[in-house]
Amino acid sequence: MKVGLAQVDCSLGDVEANLSRALRYVRQAKEQGVDLLIFPELSLTGYDLGEQVAEVAMTLEAQPLATLQAESRALSLVVGFVEKSTHHRHHNAAVYLEDGQVRHLHRKLYLPTYAVFQEGRRFVPGDSIEAFDTRHGRMAILICADAWIPPVAYIAVQDGASLLLHPAASSKQGLGEYLDLPTCWEGINRVFAQLHGVYVIFVNRVGREGDLHYWGGSEVIDPRGRVVVKAPYFEEGLFSGEIHLEMVKEQRAAAPLMRDPRLGLLIREMQRVQDKLRKENSNVKWRPDRRTV
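Numbering-wise, the sequence shown is residues 351 to 643 according to the working numbering.
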């Protein structure tokens with residue numbers, strides 16, 4: 351199976367320009383014999399949208415997605431966009447298109463709202479993480495910050511995922527000097543691949559939006575933690591490589607780390623912690639900050 355990583359720049363708020371760019375990459379991927387082509391987070395709209403979120407939001411039936419849906423008869427696609435759902439709620443979403451159909455929609459679960467990130471002020475978080483079947487195998491999509499919450503990937507793998515797809519819009523600024531995002535991402539991708547015995551496909555964008563500078567560095571990591579594809583930093587392009595899903599079975603047989611998950615134990619203990627935190631929070635009484643009185 352040949353996977354393609356569309357490490358693209360995006361035109362902020364210009365859906366038509368981003369659709370045209372996506373179609374160019376689809377044509378290029380077809381010429382290279384790519385089976386699955388993955389675009390970064392919010393690839394149809396750009397990331398730092400501010401007040402433009404409502405203007406670029408679309409339903410699954412919108413023309414840009416319908417156009418890409420038609421292209422998915424030749425190769426499978428993962429595309430990021432702003433979804434307009436019921437009651438005009440907006441989600442940071444990614445859709446998996448295959449055989450001219452929508453196979454799966456993932457709404458980003460964790461919305462960073464700190465430092466340079468403002469997602470919680472613009473989007474409504476998703477409320478589910480599910481693996482899904484495709485012609486290439488069973489997969490799950492974790493959009494950017496979703497991958498930084500380890501239980502999310504664990505649930506996806508226990509739900510049968512052999513591939514974890516990580517579309518992202520990660521900028522060098524991020525958390526500044528406190529966190530080197532390229533190093534962190536590369537560590538996450540390798541640990542998840544080896545720990546869960548899966549392929550991890552990370553697709554980050556490039557380009558600039560105001561003060562944000564997206565670094566690229568997209569990669570494919572195999573179940574043994576080895577690099578299959580590594581795109582350069584800050585360089586736009588289509589990068590591709592072959593993956594072999596039988597390696598997932600081989601690795602899990604040799605290192606059966608996921609064999610005894612004890613999900614009941616985890617559910618019980620997480621419920622206990624949640625109840626404890628709720629109780630602690632309910633006992634906190636508000637009082638003015640003495641420094642501001």
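Think of the CB as a built atom: it goes at the ideal place given N, C-alpha and C, for glycine as much as any other residue.
Since I believe leucine 461 is in contact with glutamate 469 (beta carbons under 8 Å), could you give me their beta-carbon distance rounded to a whole number of angstroms? 4 Å
Burial state of aspartate 527, where buried means 16 or more other Cβ atoms lie within 10 Å: Here residue 527 turns out to be glutamate, not aspartate, going by the sequence shown. Label assigned to glutamate 527: exposed.
Could you spell out the range, first to last residue, of the beta strand (DSSP E) harbouring tyrosine 446? 440 to 448
If contacts are defined as beta-carbon pairs under 8 Å, then glutamine 357 and glycine 587 qualify, I think. What distance do you get, rounded to the angstrom? 6 Å
Excluding the 5 residues flanking valine 403 on each side, which residues of the same chain have their C-beta closer than 8 Å to its C-beta? Val432, His440, Arg472, Phe473
In angstroms with no decimal places, state the Cα-to-Cα distance between serine 512 and alanine 503. 11 Å
Assuming tyrosine 375 contacts glutamate 559 (C-beta within less than 8 Å), just tell me the rounded distance between them. Actually they are not in contact, since the Cβ atoms of tyrosine 375 and glutamate 559 sit about 19 Å apart, beyond 8 Å.
Close-in-space but distant-in-sequence residues of the same chain around leucine 362 (CB under 6 Å, 5 per side omitted): Gly396, Glu559
When you compare only the Cα positions, how much space is there between alanine 604 and glycine 547? 10 Å
Reference glycine 354; option with closest CA among Leu425, Val406, Asp364: Leu425
Using the beta-carbon count (16 or more within 10 Å), is arginine 377 buried or exposed? exposed
Compute the beta-carbon to beta-carbon distance between alanine 519 and alanine 506, rounded to the nearest angstrom, for a pair I have assumed lies under 8 Å. So it is not a contact: roughly 20 Å between Cβ atoms.
Neighbourhood of tryptophan 565 by C-beta, 8 Å cutoff - its chain only, sequence neighbours within 5 removed: Ser520, Ser521, Lys522, Leu531, Pro532, Asn554, Val556, Tyr583, Phe584
Counting only C-beta atoms, is alanine 503 closer than 8 Å to chain C at any point? You won't find chain C in this structure, because it holds only one protein chain.
Skipping 5 residues on each side, what residues in its chain have a beta carbon closer than 8 Å to that of leucine 410? Glu433, Val445, Val452, Leu455
Reducing DSSP to helix, strand and coil, say where phenylalanine 473 ends up. coil
Is leucine 613 helix, strand or coil by DSSP? helix
If I'm right that asparagine 539 touches isoleucine 571 with Cβ under 8 Å, what's the distance once you round it to whole angstroms? 5 Å
Start and end residues, alpha helix (DSSP H) containing isoleucine 538: 531 to 546
Could you spell out where the alpha helix (DSSP H) holding serine 393 opens and where it closes? Counting along the chain, serine 393 falls outside any alpha helix (DSSP H), and DSSP gives it neither H nor E.
Rounded to whole angstroms, how far is the Cβ of valine 406 from the Cβ of valine 365, which I believe are closer than 8 Å? 6 Å
Give the range of the alpha helix (DSSP H) segment to which threonine 417 is assigned. 413 to 421
Candidates Asp477, Leu373, Leu607, Glu391, of which the one nearest alanine 420 by Cα: Leu373
If you compare alpha carbons, which of Ser590, Arg457, Ile551 is closest to glutamine 382? Ser590
Under DSSP, the alpha helix (DSSP H) around asparagine 633 begins and ends at which residues? No alpha helix (DSSP H) contains asparagine 633, which DSSP labels as neither H nor E.
Please list the segments of the beta strand (DSSP E) lying wholly inside the stretch 456 to 523, counting only runs of 3 or more residues, in order along the chain. 482 to 484, 487 to 491, 513 to 518
Identify every residue that forms a DSSP beta bridge with histidine 563. Arg558
Specify the secondary structure class of asparagine 405 as computed by DSSP and reduced to three states. The sequence as given places glutamate at residue 405; asparagine does not occur at that position. If DSSP states are grouped into helix, strand and coil, glutamate 405 belongs with the helices.
Residue nearest to aspartate 483 in terms of C-alpha spacing, selected from Gly510, Asp477, Gly476: Gly510
Nearest to leucine 562 by alpha carbon, out of Thr436, Arg371, Leu399? Leu399
Note down the Cα distance separating leucine 418 from leucine 387, rounded to an integer number of angstroms. 11 Å
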